[in-house]
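Residue numbers (this note's numbering): 163 to 1176.
In structure tokens, the structure reads:
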């Protein structure tokens, strides 16, 4: 009841207040033809007639079409107006409107709760939103008072719905999960890491809403905003490598930026805007959404949007390719990549409208003639600050003098960059929309970037080149030193000293082994020039090979494995294959020739680098891949090149993408941060390197790793304080776990929930900081905390305990070893009822109370799992056993039942379960037919038993035959109808009433038991 009062009802009330009509669940059920149909038929038929001016016969035919449509992307296309059909009295197809986007009031918006969908495993989502009878949003609401991981529980519930009742999600736009305080949304089929909040209520303010729930629901479900999201902010992106389609929905900053720009275009007066969305936050997708809304503008009419031309420009060929692929992959209508100057000029000067062109700004060089229809062009310029150089911006302006110009950037614009502001920004406005570094980290769109400077001796200060030269080249003969000085001392001269590179390569490998390798993350090494690339490759390969040999690998195998771990990416020079009188130059050029990757090889290397478990693990670069290269698996950048301003910001952002690695064991590791390991000394003068930017724009571009040390101390403090508050100090892991279980049984669920949260955070931050020496003082406490959490979760949840799979590999082995050495591992192995040793725990004589309590907790977890699995097979047959387990647990937790007495009751329950599982043999029936008998008995308990048994055997034979001839009969509606008729006939022949109820329950069981869902 509290879940309805505290979670569902507030959601329904808030939706009703913003215009949704509440439809009682009983009435909604009568509007669906059958229990497994999800469209509200009368509502849809009525809406179709009103929106299209058609009769009921045509509307019914359209309903029948849609009722069989199972592809989500095709549903989205039809909902957006891409549906046509031949109507009565017509000889060709006519467009059919399912939703009126421009006049929302013409649609029917219904909210209904407890939406039961019949299936092999029937499910009842909490709340469903239907527009014109079509279910578009599923909401799962959890009580805020539940001391559980509510978001995770709600997400798992939604995934279960998607798996068990897929019909409800054929037309789905997105799903919501909420506990009344926090609301998250995700596209149909999205993984949990892609569920996110919508914190900004633009264009409204937070204080215009009664609470966060009202704000969140308005942002996502207010009728006109929901239609806008459906019309313009959903794409299905195809992975070019796997061919797999992924449904994506916008984030709030994308929705905000796109609508600001579209409003400005529609207004027609102010014809430009500057948009900064920090790298890694989906800037390219923002441009796709903007182009989509400018092109289709389903929700608004404006003369300037009638049929605009859209031109998307970048300043690099690789970026042009990247954005072009994104536009194509997202299904944007007819994007054309102009690969030559002639092709671009021909397309621009064609004079037509409705084009989407993609190209590089360099193709406008020298262009001065204005085109005649430039007012109908909307120009989207990526990395716009780089397009104002060498008069390129002026040439573009001359060609399209009356166009709309919208500049996009992934880095902030320098405060001194007057040209970019003048070209793309309204006077005094700055950014039309801003989504900065802190915004992205706060929202989890990117991970924070931490930096750490390594040995001060390796850093290079350009002001001290002479001093550094004398230090590093002291061992050279005087004539060689003088020769180098005559050629001119540069930073690169020092940076490429062989001994310096050897020392750094050794440090890189040791750091990589500790930070990246345990979890499968990868790294870039950024060096001063192409020669340094080859020098670093040789040094790093030698260090890795030597380490592998020390581990017992042969020299040949070690060398081959080390080489495979490294790839170099750089541009080719005509000098590379020329001979030289100097042996060292000849050797370097040979290396440049040997390790150069052509376009095909580079593409393959980048693909493998992005893939978990494939080599290379290192990319060594000097200029390429510092911008535009998107490899979320990259965790660390080893920096030995002096970078500053936007070059520095763009380079370090290679590490800021979020990423989750799925482990073979079943766990997941989330990338905690990006790391910049600085050898050249950039971070020693960070303020100077970024001085051209406004302080507030870049203050957290990189943060000192010392922040993590403080985070660890704070996390440890919160954990210890909560542990002390629960009286768990100075206890062993087992004793503390059972003490915590008693506290929860006594009503302190919130304290346990807080302790879980603080403990997990403490362990996670410890792992994030490892192998930093600052973790050492906390190691013993982390071992205790992880074992305690594992045991206490089992004791309190009466379920499988947590394991260490979700922890970083840097500490996972340590934690597992601690559990093994202390003997705690034996307490978390749950046995099945068929295990010969299952009954061992039932012996109570001679056992101390703590041991009895431990046995009771373990047995309760085992029996909950056993009964849950049996109930999934046949809830009618086994539901009573599950209820008995819960009742015994309740009495134990309320102090009405001692552990020894509880174990004796569990022993009796186990015997009853075993008897039920073997009862079919006594009657000479197979297991499935006996289960059907139990369903019939539960419905008509006073009938003649022989008749019931005969009916069950006959029905079992019908479904067995169906499984043999039509293995996937569950998906064949006509065949299912035939089976229902046969079941009805059998029941009638045996004198059994209540046939409809029995048929439904038997069908649910039979589809699972006889393999009809195959």
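Virtual Cβ for every residue (Gly too), placed ideally from N, Cα, C. Just so we're clear, the structure is a prediction, and the values are computed from it rather than from any experiment.
Across the set 1100, 1148, 452 and 476, the C-alpha of 1148 shows the shortest separation from the C-alpha of residue 1118.
Taken through DSSP and simplified to helix, strand or coil, residue 1111 comes out as helix.
DSSP lists 471 as the beta-bridge partner residues of residue 539. The straight-line gap separating the alpha-carbon atoms of residue 892 and residue 955 is approximately 19 Å. Residue 685: member of the beta strand (DSSP E) spanning 684-689, first to last residue. Under the criterion of beta carbons closer than 8 Å, residue 906 and residue 958 qualify as touching, at roughly 5 Å. The shortest C-alpha to C-alpha distance from residue 335 to any of 383, 1104 and 903 is the one to 383. When DSSP states are grouped into helix, strand and coil, residue 1060 belongs to the coil group. Residue environment: residue 1127 is assigned as exposed (fewer than 16 neighbouring CB atoms within 10 Å of its CB, all protein chains considered). Annotation for residue 206: 225, 294 and 295 place their beta carbon closer than 6 Å to its own, counting only its chain and skipping 5 residues before and after.
A distance below 8 Å separates the beta carbons of residue 419 and residue 448. Taking a C-beta distance under 8 Å as the contact criterion, residue 772 and residue 793 qualify as a contact pair. Counted as a single uninterrupted DSSP element, the beta strand (DSSP E) harbouring residue 730 occupies residues 728-731. At the C-beta level, residue 598 and residue 440 come within 8 Å of one another. When the five nearest sequence neighbours on each side are left out, the beta carbons in the same chain lying within less than 8 Å of the beta carbon of residue 536 are those of 561, 562, 563, 564 and 565, in order along the chain. In the three-state reduction of the DSSP assignment, residue 888 falls in the coil class. When beta bridges are read from the DSSP output, residue 438 appears opposite 571 and 596.
Of the residues 216, 284, 613 and 261, the one whose Cα lies closest to the Cα of residue 843 is 613.
Counting along the chain, residue 272 sits inside the beta strand (DSSP E) bounded by residues 271-275. For residue 490, the closest of 446, 516, 1138 and 1059 by C-alpha to C-alpha distance is 446. When only Cα atoms are considered, residue 953 and residue 1017 end up about 13 Å apart. The segment 932-945 makes contact with the segment 853-873: 3 or more CB pairs, one atom from each, lie closer than 8 Å. A distance below 8 Å separates the beta carbons of residue 854 and residue 807. A residue is called buried when at least 16 other Cβ atoms come within 10 angstroms of its Cβ; residue 1090 meets this threshold and is buried.
For residue 189, the uninterrupted alpha helix (DSSP H) segment begins and ends at 187-192.
Collapsing the DSSP output to three states places residue 750 in a helix. Residue 442 is positioned such that its CB atom lies no closer than 8 Å to that of residue 655. Taking a C-beta distance under 8 Å as the contact criterion, residue 176 and residue 274 do not qualify as a contact pair. In the DSSP assignment, residue 521 falls within the unbroken beta strand (DSSP E) covering 518-522.
With distances taken between CA atoms, residue 548 lies nearest to 475 out of 450, 685, 475 and 595. Sorting 846, 1067 and 1113 by C-alpha distance to the C-alpha of residue 1087 places 1113 at the top. The beta carbons of residue 523 and residue 470 sit no closer together than 8 Å. Look at the segment 306-383 and you find these whole runs of alpha helix (DSSP H), each 4 residues long or longer: 312-326 and 374-383. Three or more beta-carbon pairs separated by less than 8 Å link the segment 261-278 to the segment 384-403, which places the two stretches in contact. Counted as a single uninterrupted DSSP element, the beta strand (DSSP E) harbouring residue 840 occupies residues 836-840.
Every beta strand (DSSP E) of 3 residues or more that sits fully in the segment 782-810 is shown, in chain order, as 796-802.
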